[in-house]
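Visitor: First the structure, then my questions, so here it is.
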DNA sequence: GGATAATTGTAAAAAAAATCACAAAATAAT
DNA sequence: ATTATTTTGTGATTTTTTTTACAATTATCC
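Protein chains in written order, with our numbering: chain A, 1232 to 1441; chain B, 1232 to 1441.
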């Protein structure tokens, strides 16, 4: 039985929540607690969890560690994945310095930038390459994911190179809406202006839900 | 007739696309073109556009400028909105320097950080305040949107302060999943690790669509 | 100017997702 | 030990969203 996309999305968020609660030393969580924290109904959560096979314990809820492992195995979070970053301007390097990719099972093994001079001055501990090397490096290193932090103009060209190299997923932080020329490559567009607009639209058309 | 949430989301993306095409000097777009660029079916686009009232011209598609204005008016993009940023570390300042908020009708009128010393050394041309001033400033300046670029620990506390001040929408870049204690406040969680995981899940469970 | 092609708008059908309702099971309380 | 409470799992129902199908309209080509 195929897992619906909205369910996948919620399970990802739930996974983050479980990590957080686990670090805080909590042991169990009920569908009610989860629903409240994630802003959805408890039925919805229980239904989502049926896609994982049997899980909870009636009366006392879900065991955090067990559930975490089940989601991990089911959605493939248990495997380390190689990723790269394209565009090493301020935003790119800032993200690189902050995020704990490695500890979350993502390994940034390459950085790309079209500005060759910049590559030399950066003090970053990952191998850096010029953009035209993208297809070769992606293929050689078997990189699965890419993070795009560059200005809109070059985004589509870079995307083609990434797809050419056999990338599997792209998180696009550039302000253009990218679409995949290859339907087996998934793209997630993250644009702050777009997020602001979406929120504006929601409270402009004010609809009563969360 | 209430506009469905997925439709709102697509209309926001479409709006970005229209801006892009308009800048390139293009005049019209067909539902087919739009669908391809956005990775959805043309029917879906036409259906979405019915929520705006009559729009396209049979035979030649949609006039980009007209459509842009219609979406703008309908979703409230025609009004300038005040926003603030909370957390002025590397990521925060990087976003602030890159993004063209003002030209897209968002006006960043305040920055907040808990580190008072940092506030003094930053050379940013927006007024800066310590975090405890959030509720007062939000209320006084009538700020509608907030961008959260801070580490997970403080995110929930800051969120409460923002809600307390009467914020309407929050874009959360911190690694914790925030949920709103007030259902009239909309929150959009944007976390790179989460995006990576979502994409991993998609290609792990490989489902055939875009 | 008539034929052909492109394109929209929408009613109806289908598919997908969320919600409900409640029995069954485990826990906690007395 | 018995009762009350909590909480899960799931079939049925409802709601929402997408897709289909096609008539109607406009543009384009010869």
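Each residue gets a CB set at the ideal place from its N, CA and C atoms; glycine is no exception. The structure presented is a predicted model; accordingly, all values stated were derived computationally and were not measured.
Pull the bridge partners of residue 1417 of chain B from the DSSP assignment, please.
Guide: Per DSSP, B:1400.
Visitor: When we look at the beta-carbon of residue 1428 of chain A and count the other beta-carbons within 10 Å, is it buried (16 or more) or exposed?
Guide: Burial call: buried.
Visitor: May I ask you to report which of helix, strand or coil DSSP gives residue 1386 of chain A?
Guide: Here residue 1386 of chain A sits in helix by DSSP.
Visitor: Looking at residue 1259 of chain B and residue 1295 of chain B, is the spacing between their C-beta atoms short of 8 Å?
Guide: Contact: yes.
Visitor: In angstroms with no decimal places, state the Cα-to-Cα distance between residue 1434 of chain A and residue 1389 of chain B.
Guide: Approximately 21 Å, taken between the alpha carbons.
Visitor: Consider the Cβ of residue 1435 of chain B: report whether some Cβ of chain A lies at a distance smaller than 8 Å.
Guide: So yes, residue 1435 of chain B belongs to the interface.
Visitor: When the Cα of residue 1397 of chain A is compared with those of A:1281, A:1381, A:1386 and A:1417, which residue comes out closest?
Guide: The option with the nearest alpha carbon to residue 1397 of chain A is A:1417.
Visitor: Please name the residue, chosen from A:1249, A:1248, A:1278 and A:1269, that lies closest to residue 1235 of chain A on a Cα-to-Cα basis.
Guide: Comparing Cα-Cα distances from residue 1235 of chain A to each of A:1249, A:1248, A:1278 and A:1269, the minimum goes to A:1278.
Visitor: Would you call the region 1390–1409 of chain B and the region 1357–1371 of chain A in contact, with 3 or more CB pairs under 8 Å?
Guide: Because the criterion of three Cβ pairs below 8 Å is not met, the region 1390–1409 of chain B and the region 1357–1371 of chain A do not touch.
Visitor: Taking residue 1234 of chain A as the query, report the chain B residues whose CB atoms sit under 7 Å from its CB, ordered along the chain.
Guide: 1436, listed in chain order.
Visitor: Is it true that the CB of residue 1326 of chain B sits closer than 8 Å to the CB of residue 1423 of chain A?
Guide: Their beta carbons are under 8 Å apart, which means residue 1423 of chain A touches residue 1326 of chain B by this criterion.
Visitor: If you measure between the beta carbons of residue 1385 of chain B and residue 1411 of chain B, is that distance less than 8 Å?
Guide: It is not a contact, given that the beta carbons lie outside the stated cut-off.
Visitor: Indicate whether at least one CB of chain B lies closer than 8 Å to the CB of residue 1385 of chain A.
Guide: Cβ-Cβ to chain B under 8 Å: no for residue 1385 of chain A.
Visitor: Please work out which residues of its chain come closer than 8 Å, Cβ to Cβ, to residue 1252 of chain B, disregarding the five sequence neighbours upstream and downstream, and give them in chain order.
Guide: Correct list, in chain order: 1260 and 1295.
Visitor: Since residue 1268 of chain A meets chain B, which of its residues come closer than 8 Å, beta carbon to beta carbon?
Guide: In chain order: 1408 and 1410.
Visitor: Can you check whether the C-beta of residue 1344 of chain A is within less than 8 Å of a C-beta belonging to chain B?
Guide: Not closer than 8 Å to any Cβ of chain B, the Cβ of residue 1344 of chain A fails to qualify, so no.
Visitor: Report buried or exposed for residue 1420 of chain B, applying the criterion of at least 16 other Cβ atoms within 10 angstroms of its Cβ.
Guide: Buried, by the Cβ-count rule.
Visitor: Between the Cα of residue 1406 of chain A and those of B:1248, B:1232, B:1237 and B:1426, spot the shortest distance and give me the residue it belongs to.
Guide: Comparing Cα-Cα distances from residue 1406 of chain A to each of B:1248, B:1232, B:1237 and B:1426, the minimum goes to B:1248.
Visitor: Beta-carbon within less than 7 Å of residue 1263 of chain A's beta-carbon, same chain only, minus the 5 sequence neighbours each way: which residues are those?
Guide: Answer for residue 1263 of chain A: 1273, listed in chain order.
Visitor: Could you pull the start and end residues of the alpha helix (DSSP H) that residue 1434 of chain B belongs to?
Guide: That run of the alpha helix (DSSP H) goes 1423–1435.
Visitor: I believe residue 1242 of chain B touches residue 1314 of chain B by the beta-carbon criterion, under 8 Å. Please report the beta-carbon distance rounded to the nearest angstrom.
Guide: With 8 Å as the limit, residue 1242 of chain B and residue 1314 of chain B do not qualify as a contact, their Cβ atoms being about 20 Å apart.
Visitor: Hey, how far is the Cα of residue 1387 of chain B from the Cα of residue 1409 of chain B?
Guide: Looking at the two C-alpha atoms, the distance is approximately 7 Å.
Visitor: Can you check the region 1315–1343 of chain B for any alpha helix (DSSP H) of at least 4 residues that lies completely inside it and give the ranges in chain order?
Guide: Runs of the alpha helix (DSSP H) inside the region 1315–1343 of chain B: 1321–1329.
Visitor: In whole angstroms, what is the alpha-carbon distance linking residue 1308 of chain A and residue 1426 of chain B?
Guide: About 12 Å.
Visitor: CA-CA distance, residue 1373 of chain A and residue 1432 of chain A?
Guide: C-alpha separation (whole angstroms): 40 Å.
Visitor: Tell me the start and end of each unbroken alpha helix (DSSP H) in the region 1255–1310 of chain A that is at least 4 residues and wholly inside, in chain order.
Guide: For the region 1255–1310 of chain A, whole alpha helix (DSSP H) runs of length 4 or above, ordered along the chain, are 1262–1269, 1273–1281 and 1295–1306.
Visitor: Comparing C-alpha positions only, which one of B:1300, B:1436, B:1310 and B:1304 sits nearest to residue 1333 of chain B?
Guide: Nearest of B:1300, B:1436, B:1310 and B:1304 to residue 1333 of chain B, Cα basis: B:1310.
Visitor: List the residues of chain B that residue 1421 of chain A touches, going by C-beta distances under 9 Å, in chain order.
Guide: Result: 1421, 1423 and 1426.
Visitor: The beta strand (DSSP E) that contains residue 1366 of chain A, what's its start and end?
Guide: Premise fails: residue 1366 of chain A lies in the alpha helix (DSSP H), 1365–1372, not in any beta strand (DSSP E).
Visitor: Going along the region 1312–1323 of chain A in order, which residues come within less than 9 Å of chain B, judged by CB to CB distance?
Guide: Within the region 1312–1323 of chain A, the qualifying residues are 1312, 1314, 1320, 1321, 1322 and 1323.
Visitor: Of all the CB atoms in chain B, is at least one closer than 8 Å to the CB of residue 1395 of chain A?
Guide: No, its Cβ sits nowhere closer than 8 Å to a Cβ of chain B.
Visitor: In three-state terms, what does DSSP make of residue 1361 of chain B?
Guide: Residue state, collapsed to three classes: strand.
Visitor: Residue 1329 of chain A touches chain B at which residues, Cβ-Cβ below 7 Å?
Guide: Per Cβ cutoff of 7 Å: 1321 and 1322.
Visitor: Measuring only the C-alpha atoms, how far is residue 1177 of chain A from residue 1285 of chain B?
Guide: The question about residue 1177 of chain A has no answer here: the residues shown for chain A are numbered 1232 through 1441.
Visitor: From residue 1404 of chain B to residue 1266 of chain A, what does the alpha carbon distance come to, in whole angstroms?
Guide: Taking the straight line joining both Cα atoms gives about 21 Å.
Visitor: Do residue 1245 of chain B and residue 1269 of chain B have their CB atoms nearer than 8 Å?
Guide: The answer is yes: Cβ separation under 8 Å.
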